[in-house]
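In my numbering, each residue's number is its place in the sequence shown (first place is 1) plus 114.
Each residue gets a CB set at the ideal place from its N, CA and C atoms; glycine is no exception.
The structure appears right after this line, and notes come after that.
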Amino acid sequence: MKHLLKMLDMSKDEIIDILNLADQLKYELKNGIPHPHLKGKTLGMIFQKSSTRTRVSFETGMYQLGGQALFLSNRDLQIGRGEPVQDTARVLSRYLDGIMIRTFEQKEVEDLAEYGSIPIINGLTDFCHPCQVLADLMTIREFKGTFDGLKMCYIGDGNNMANSLIVGGLKVGMSVSIACPKDYQPDQQVLDFAEQYCDKFSMTDVPLEAAKDADVLFTDVWTSMGEEAETEKRKIAFAGYQINDDIMAVAKPDAMVQHCLPAHREEEITEKVFEAHADEIFEEAENRLHAQKAVMVRVMCK
Ligand code: CP
Ligand code: NVA
């Protein structure tokens, strides 16, 4: 694996390999077994949007792997003043061993990979959030033991999380059902991909329908980073697209709940459901660390 740009690029075998390595690195960390696979290597982390989990887990993960991470804010880089990505990529490739980037357009990430000569890891774009979904899959397998026969349900905005969950869930063999308002459906590229899995993929605008017999329920914020001007409009559009007791009542009795965080209680999820499933949700957040370490090892350890 050369880069991690989007789930659409990954094969099932590559996903499972990352999850297996992530499990191993988690075990080693918990048992005090050092794993300095990236000793002496440097990761640059470009952030054009805010972050708590991504920033801290990449930086800590790089340290645990024996390397170091540089936080590169858009406010300080020349990229924020208009220096082309093509030039930035070629310059940073001469200093760093890898780049993690969180930005708006997916094209910027793809351009970094095209023009640079070092591994690029997508830390979230408007299109997708592959690092999050690898951690989500790791968490599902940890709690359920398998993906076979599981139904994943996502309720809410057809955003970066929905796009990545659909692709990741289907690739590892789960059934995936989505409930989102008609004007907020997932990206067409993702819907075209899902078409190959017509027996395993369904989309509706009725949350109760999508949640029926689900083993894992996902949601995400109604307003993503960069969409703040639409917050009030979105609150109206997404009213009813909430994980609450009614949704839990139609899902399997042992259904898990996952949320990439940050969460907005009483919007996309009730406080009651969130707290009842907090162990699963915070394990998911922890697994960002382990899954991303596995990604860094696979793309940077050559
Ligand atoms: N889930 C996630 O990516 O969190 P941050 O925005 O805090 O990085
Ligand atoms: N959809 C959210 C995910 C945050 C981790 C956003 O893009 O803001």
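Proximity below 8 angstroms, CB of residue i to CB of residue j
i      : j      : result
Ile160 : Ile213 : yes
Ala377 : Met252 : no
Pro405 : Leu179 : Note that residue 405 is Ala in the sequence shown, not Pro. Not in contact: Ala405 and Leu179 (Cβ atoms no closer than 8 angstroms).
Gln372 : Asp250 : yes
Ala293 : Glu323 : yes
Lys296 : Asp319 : yes
Leu152 : Val411 : yes
Pro439 : Met121 : This structure does not reach residue 439, given that the chain is present from 115 up to 416, and the question cannot be answered.
Gly175 : Leu403 : yes
Ile129 : Val286 : yes
Leu133 : Arg255 : yes
Ser289 : Lys258 : no
Ile234 : Ala325 : no
Cβ neighbour criterion (16 or more within 10 Å) applied to residue i
i      : result
Ala369 : buried
Asn236 : buried
Ile147 : exposed
Gly340 : exposed
Glu382 : buried
Pro300 : buried
Val413 : buried
Tyr209 : exposed
Ile395 : buried
Lys140 : buried
Asn401 : buried
Lys347 : exposed
Thr202 : buried
Ser171 : buried
Thr345 : exposed
Ala124 : Checking the sequence shown, residue 124 turns out to be Met, not Ala. Buried is the call here.
Cβ shell of residue i (< 7 angstroms), same chain only, five flanking positions each side left out
i      : result
Leu206 : Gly158, Ile213, Gly230
Val304 : Asn277, Ile280, Val281
Glu398 : Ala249, Asp250, Thr253, Gln372
Reduced DSSP category for residue i - H, G, I as helix; E, B as strand; rest coil
i      : result
Gln162 : coil
Lys116 : coil
Arg189 : coil
Ile129 : helix
Gly282 : helix
Leu251 : helix
Ile147 : coil
Ile213 : strand
Phe241 : coil
Phe261 : coil
Val290 : strand
Ile269 : strand
Met362 : helix
Leu375 : coil
Ile383 : strand
Nonlocal neighbours in the same chain, by C-beta distance under 6 angstroms from residue i, ignoring five residues either side
i      : result
Cys173 : The sequence shown places Glu at residue 173, not Cys. So the qualifying residues of the chain are Ala183.
Phe352 : Trp336
Gln246 : Cys374
Gly194 : Asn188
Other residues of its chain near residue i: CB distance less than 8 angstroms, five sequence neighbours each side excluded
i      : result
Asp359 : Thr384, Lys386, Val387
Asp262 : Gly287
CB contact below 8 angstroms: residue i versus chain B
i      : result
Ser278 : In the structure shown, chain B does not exist; there is a single protein chain.
Closer than 6 angstroms to the ligand COA: residues, by C-beta to nearest heavy atom, in chain order: Only the ligand CP and the ligand NVA can be found as ligands here, which leaves the ligand COA out of the picture.
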